[in-house]
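Asks: Residue numbers (the UniProt record's numbering), protein chains in the order written: chain V, 1 to 197; chain B, 1 to 221. This is the structure I have questions about; it appears just below.
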Amino acid sequence: MIVDLYVFGNSPLHRISPGYKILALVLFCTLLFVLSGWVPLAVGAILVAIGYWLAGIGFSHAYRAIRPALWILAIIFIAQIILAGLELAAFVVVRFGILILAASLITMTTKTSEFVDGIQAGLKHAPSWVPADHIALAISLALRFIPLVRATLDEVRMAQKARGLDRSVKALLVPLVVRTLKTGDEIAEAIQARSPL
Amino acid sequence: MLSFSQVVVEKGDRPILSDINIDLNEKRIGIIGRNGSGKSTFARLFNGLEKPSSGTITFEGSTELKELRRKVGFVFQNPDNQIVYPIVDEDLAFGLKNLKLPSATIKERIAEVMARFRIEHLKDRLTHQLSGGERQMVALAGVLVMQPQMIVFDEPTTLLDLWNKKRLMRAITDLKEHVVLVSHDLDLLREFDRVIHIEAGRIVGDGEPNAVIEDYIARSA
């Protein structure tokens, strides 16, 4: 859901250490959950909007960040209307939307390698049994995998459509999972080949 | 430079490669063979991606896996599976950062390799938005920044169009490092110093390229 595209720039948000950005995001998300009511939500929305403005990132990028989540937000909205009423449904969905936009702002202004460095720095004082390097690499690979899985999904969907199987979830998921796992194996091998130590 | 002594690779009970004894010193070595003949497994032994079930592989006197990995680079068929980071310059820095090199050295090496292949304009591009040819050049650059002495290519042109194939082959031909190329492009391999033909896990031809390739064609007829 968090958009995978880093947006090149030299804004203050791009320059801030990734560690501070991640920490700020955690704080922001926590406060947005802890403080209830429309006023904190409005303040949160304004802060996110200022963040996008500071980063020089336009509305189209923000929309691209939230677009894949729209259908999930729609399901949540309908479920909340049934369970808790219209006002709470709107509140929950707006809150999720702000959280997604805030998280996307961080990924759009932070290169993956900076993320990894930030995580490694953050875990520097963690106990020795915490595999800091592995955690950092896993996160970077997760981000790298998003466009790969998306491209594979498109290819499989087209292929199954050509065979008249576009309504079959099984025909979509089985090749997608198999190809993703195979790609995972191959990337693991490539990492071995490229990491001599 | 690289020596294989009584190398055997087995998967379960199935032999993949049998009794490989060979010394490789030439600058340009080609590997040919049918699909499933074991040529990719053979190539993957070069930098320790595949480990022999028995026998030894020696690179300049050393049998250390780390040494092998450091001195022999590997370029895969599909560059998508070789590129780790989403932005070109951070991907090129991946292996170098693992070596804990100072950031000035990392930048220097990346700039040098990018200039060598005239891909400086790709520096800040997202890797998944590059064309197949550009991605393969980035994959090759990612190997070259590690300054290996030998580079193994496993069918690197299979996914490329004619224009990109020629571009990559030109880049490979111009490399000053030792090159081992697994390929079905027989015409290209005729220009090499040595060609090895693998069939059913055994070396059945080895030597002057034209003779080995003609024998391969005759066997395939």
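For glycine and all other residues, C-beta sits at the position ideal for the given N, C-alpha and C. Just so we're clear, the structure is a prediction, and the values are computed from it rather than from any experiment.
With the cut-off set at 9 Å, would you say V:A65 and V:L123 are in Cβ contact?
Replies: No; because the gap between Cβ atoms is not below 9 Å, this pair is not in contact.
Asks: Between the alpha carbons of V:P175 and V:L54, how many angstroms are there, rounded?
Replies: So the two alpha carbons sit approximately 42 Å from each other.
Asks: Please decide whether B:G73 counts as near chain V, where near means a Cβ-Cβ distance under 9 Å.
Replies: Output row for B:G73: interface = yes.
Asks: Quick one: residues in its chain with C-beta nearer than 6 Å to the C-beta of B:K27, no 5 flanking neighbours on either side, listed in chain order?
Replies: The residues are H178 and D193.
Asks: V:K111 touches chain B at which residues, Cβ-Cβ below 7 Å?
Replies: What V:K111 touches in chain B: I87 and E90.
Asks: Taking 9 Å as the threshold (C-beta atoms), are V:A103 and V:A89 in contact?
Replies: No.
Asks: Does any CB atom of chain B fall closer than 9 Å to the CB of V:T183?
Replies: For V:T183, the answer is yes, since a Cβ of chain B falls inside 9 Å of its Cβ.
Asks: Using the DSSP secondary-structure output, state which residues sit across from B:H178 in a beta bridge.
Replies: Per DSSP, B:M150.
Asks: Is it the case that the segment 115 to 135 of chain V contacts the segment 7 to 20 of chain V, given that we only count it when at least three CB pairs across the two stretches are under 8 Å?
Replies: Touching, per the Cβ criterion.
Asks: Should V:V3 be flagged as near chain B, meaning a C-beta pair shorter than 9 Å?
Replies: Caution applies to V:V3, whose pLDDT of 42 falls short of 50 and renders its modelled position unreliable; the value that the coordinates give is listed next. No, V:V3 does not count as interfacial toward chain B.
Asks: Assuming contact is defined by CB atoms lying nearer than 9 Å, are V:T152 and V:T183 in contact in what I supplied?
Replies: Yes, they are a contact pair.
Asks: Distance check for B:K51 and B:V212, CA to CA, integer angstroms please.
Replies: Taking the straight line from one Cα to the other gives about 27 Å.
Asks: Any beta carbon from chain V within less than 9 Å of B:G95's own beta carbon?
Replies: Closer than 9 Å: yes.
Asks: Keeping to the same chain, check which residues put their C-beta closer than 6 Å to that of B:V9; ignore five residues upstream and five downstream.
Replies: The residues are I16, L17, T41, P52 and S53.
Asks: May I ask you to report which of helix, strand or coil DSSP gives V:V3?
Replies: Confidence in V:V3 is poor, its pLDDT being 42 and thus under 50, which makes the residue's placement too unreliable to answer from.
Asks: Could you tell me whether the Cβ atoms of B:I29 and B:V143 are closer together than 9 Å?
Replies: The answer is no: Cβ separation not under 9 Å.
Asks: Whose CA, out of B:R69, B:S3, B:F117 and B:T56, lies closest to the CA of V:A190?
Replies: Minimum Cα distance to V:A190 is reached at B:R69.
Asks: Going by DSSP, what residues sit across from B:I57 in a beta bridge?
Replies: DSSP, once it has assigned bridges, lists B:F4 as partnering B:I57.
Asks: Specify, as a first and last residue, the run of the beta strand (DSSP E) that B:E199 falls within.
Replies: It spans R194 to E199 - the beta strand (DSSP E) in which B:E199 sits, taken as one unbroken run.
Asks: For B:D13, which of helix, strand or coil comes out of DSSP?
Replies: Coil at B:D13, not helix or strand.
Asks: Just grab the DSSP bridge partners of B:F74 for me.
Replies: Paired residues: B:V152.
Asks: Helix, strand or coil for residue 230 of chain B, going by three-state DSSP, please let me know.
Replies: This structure leaves residue 230 of chain B out entirely; chain B is present only between 1 and 221.
Asks: Using Cβ-Cβ distances below 7 Å, what residues of the segment 62 to 94 of chain V are close to chain B?
Replies: Going along the segment 62 to 94 of chain V in chain order, one finds no residue with a Cβ nearer than 7 Å to chain B.
Asks: Please classify B:N35 as buried or exposed, where buried requires at least 16 other C-beta atoms within 10 Å of its C-beta.
Replies: So B:N35 counts as exposed.
Asks: Check for me: the alpha helix (DSSP H) holding V:G97 runs from which residue to which?
Replies: L86 to T109 is the extent of the alpha helix (DSSP H) around V:G97.
Asks: Does V:R194 get closer than 9 Å to chain B when you measure Cβ to Cβ?
Replies: Yes, because at least one Cβ of chain B sits closer than 9 Å to the Cβ of V:R194.
Asks: Can you pull the chain B residues whose beta carbon is under 7 Å from the beta carbon of V:R144, in chain order?
Replies: Those are V84, Y85 and P86, listed as they occur along chain B.
Asks: Exposed or buried, V:M158, counting other C-beta atoms within 10 Å across all chains shown (16 or more means buried)?
Replies: Exposed, because fewer than 16 other Cβ atoms sit within 10 Å of the Cβ of V:M158.
Asks: Could you pull out every residue in the same chain whose Cβ sits closer than 8 Å to the Cβ of V:G9, ignoring the five residues on either side in sequence?
Replies: Only A55, G56, I57 and T109 meet the Cβ criterion.
Asks: Cα-Cα, which of V:F145, V:A193, V:L165 and V:G164 is closest to V:L181?
Replies: It is V:F145.
Asks: Locate the beta strand (DSSP E) running through residue 295 of chain B, then write down its first and last residues.
Replies: In the structure as shown, chain B begins at 1 and stops at 221. Residue 295 of chain B is therefore absent and cannot be evaluated.
Asks: What runs of the alpha helix (DSSP H), each 4 residues or longer, lie entirely inside the segment 85 to 118 of chain B?
Replies: Those alpha helix (DSSP H) runs which fall completely within the segment 85 to 118 of chain B and span 4+ residues are 88 to 92, 94 to 98 and 103 to 116.
Asks: Kindly say whether B:N35, judged by its beta-carbon, lies nearer than 9 Å to any beta-carbon of chain V.
Replies: Chain V, which has no Cβ nearer than 9 Å to the Cβ of B:N35, makes this no.
Asks: When burial is assigned at 16 or more other CB atoms within 10 Å of the CB, is V:P131 buried or exposed?
Replies: Under this definition V:P131 is an exposed residue.
Asks: Looking at B:I83 and B:V7, is the spacing between their C-beta atoms short of 9 Å?
Replies: It is not a contact, given that the beta carbons lie outside the stated cut-off.
Asks: Does B:R28 come out as helix, strand or coil in the three-state DSSP assignment?
Replies: Three-state result, B:R28: strand.
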